[in-house]
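What follows is a single structure, written as structure tokens, with notes after it.
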Amino acid sequence: MIHPTAIIDPKAELAEDVQVGAYSIVGPHVTIGAGTVIGPHAVIQGPTTIGANNRIFQFTSVGEECQDKKYRGEPTRLEIGDNNVIREHVTIHRGTVQDQGLTRIGNNNLLMATVHVAHDCMIGNDNIFANTTGIAGHVHIGDGVILGGMTGIHQFCHIGSYAMTAGCSLVLKDVPAFVMVGGNPAAARSMNFEGMRRRGWDADLIAALRRAYKIVYRQGLTLEQALAELTPQVEGNEPMRLFVDSLRGSQRGITR
Numbered sequence: 005m006i007h008p009t010a011i012i013d014p015k016a017e018l019a020e021d022v023q024v025g026a027y028s029i030v031g032p033h034v035t036i037g038a039g040t041v042i043g044p045h046a047v048i049q050g051p052t053t054i055g056a057n058n059r060i061f062q063f064t065s066v067g068e069e070c071q072d073k074k075y076r077g078e079p080t081r082l083e084i085g086d087n088n089v090i091r092e093h094v095t096i097h098r099g100t101v102q103d104q105g106l107t108r109i110g111n112n113n114l115l116m117a118t119v120h121v122a123h124d125c126m127i128g129n130d131n132i133f134a135n136t137t138g139i140a141g142h143v144h145i146g147d148g149v150i151l152g153g154m155t156g157i158h159q160f161c162h163i164g165s166y167a168m169t170a171g172c173s174l175v176l177k178d179v180p181a182f183v184m185v186g187g188n189p190a191a192a193r194s195m196n197f198e199g200m201r202r203r204g205w206d207a208d209l210i211a212a213l214r215r216a217y218k219i220v221y222r223q224g225l226t227l228e229q230a231l232a233e234l235t236p237q238v239e240g241n242e243p244m245r246l247f248v249d250s251l252r253g254s255q256r257g258i259t260r
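First residue of the sequence shown: 5, per our numbering; consecutive thereafter.
Shown next as structure tokens:
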């Protein structure tokens, strides 16, 4: 299971069936769950916890110190859940004490080649980040998000669940749930209605979200005015609540 050229620190904890490829390094205070496969030439530093059934490909750097100049060697952490695929040359950094001291990635995510996840990011489940996507520090990303190739996300931005970016997008403000953005700087284009249909969502629900998008983006209202119109529609409609909450919780302002 562990190649003879791999270096595993005595303070690392690996489940019995973890596989580690040639010339990989697993540092101290790293915990790796059952069924996880580490490819060759990967470097995993701690404190890092990696869950079950992950696939980490060659030449990755996981759990390394962050690139924030304020970092002074504090024992910050990285947590990765289950069933993630982390492709070649992906880099994921631990958190900083200026935030929660933690970078977290949930379950069932696909990080394609050369994706960078910076310090203190909070990433949910079932996301797809295409090649060379760069996610700066303190970014929060929900569930079911698709980031097109070469997307860049500014620090402290929030990307709501089921949002989507076009390739080469530069995201400087928050992206509400379900919204599709593109461009440099990114601007709102529509909602991910095709994604909703593929998930089997009810046509009436999709129509309601379409109307909600028009209220926010097509009627010339301020965000406060749009929220006042949308809030009564939240009752009993969880996707609408998710959309409204992502609008209400924005601190950087939403992508328009």
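Glycine included, every Cβ here is placed at the ideal spot set by N, Cα and C.
Please state whether DSSP places residue i in a helix, a strand or coil.
i: G138; result: strand
i: M5; result: coil
i: F63; result: coil
i: R81; result: strand
i: E239; result: coil
i: R108; result: strand
i: F247; result: helix
i: G199; result: helix
i: Q255; result: coil
i: E69; result: coil
i: R214; result: helix
i: Q229; result: helix
i: L209; result: helix
i: V220; result: helix
i: L234; result: helix
i: V119; result: coil
i: Q23; result: strand
i: L176; result: coil
Do residue i and residue j have their C-beta atoms closer together than 9 Å?
i: R98; j: Q49; result: yes
i: I90; j: G67; result: no
i: N135; j: V119; result: yes
i: V114; j: T137; result: The sequence given here places Leu at residue 114; Val does not occur at that position. It is not a contact, given that the beta carbons lie outside the stated cut-off.
i: H144; j: C172; result: no
i: T259; j: A192; result: yes
i: T35; j: N57; result: no
i: L176; j: A190; result: yes
i: G55; j: I42; result: no
i: L227; j: S254; result: yes
Within 10 angstroms of the Cβ of residue i, are there 16 or more other Cβ atoms? Answer buried if so, exposed if not.
i: H7; result: exposed
i: I11; result: exposed
i: R201; result: exposed
i: V101; result: exposed
i: D178; result: buried
i: N88; result: buried
i: R108; result: buried
i: N188; result: exposed
i: G85; result: buried
i: M126; result: buried
i: D124; result: buried
i: T9; result: exposed
i: G257; result: exposed
i: G77; result: exposed
Smallest Cα separation from residue i: which of the options?
i: D272; options: I36, G110, I219 and M5; result: Since the displayed the chain opens at 5 and closes at 260, residue 272 lies outside it and no answer follows.
i: D103; options: P79, N113 and T118; result: P79
i: V149; options: G199, H93 and S165; result: S165
i: Q2; options: K73, L213 and P44; result: What the structure shows of the chain is the stretch from 5 to 260, and residue 2 is not part of that stretch, so it cannot be assessed.
i: R252; options: A190, I145 and L234; result: L234
i: K73; options: F197, A192, G141 and T155; result: G141
i: M116; options: R76, R108 and T64; result: T64
i: R215; options: G77, G105, A230 and G204; result: A230
i: P14; options: H93, G31, I139 and G37; result: G31
i: L213; options: F197, R203, A26 and L227; result: F197
i: A167; options: I42, S194, Y27 and D206; result: S194
i: I60; options: I163, L18, M5 and H93; result: H93
i: V22; options: A38, E228, H33 and S250; result: A38
i: W205; options: N241, T53, P51 and I29; result: N241
i: L82; options: G105, Y27 and T155; result: G105
i: T53; options: A16, Q71 and R76; result: A16
**Request:** Could you tell me whether the segment 178 to 188 touches the segment 236 to 251, using the rule of 3 or more Cβ pairs below 8 Å?
**Result:** yes
**Request:** Could you tell me whether the segment 220 to 235 touches the segment 123 to 132, using the rule of 3 or more Cβ pairs below 8 Å?
**Result:** no
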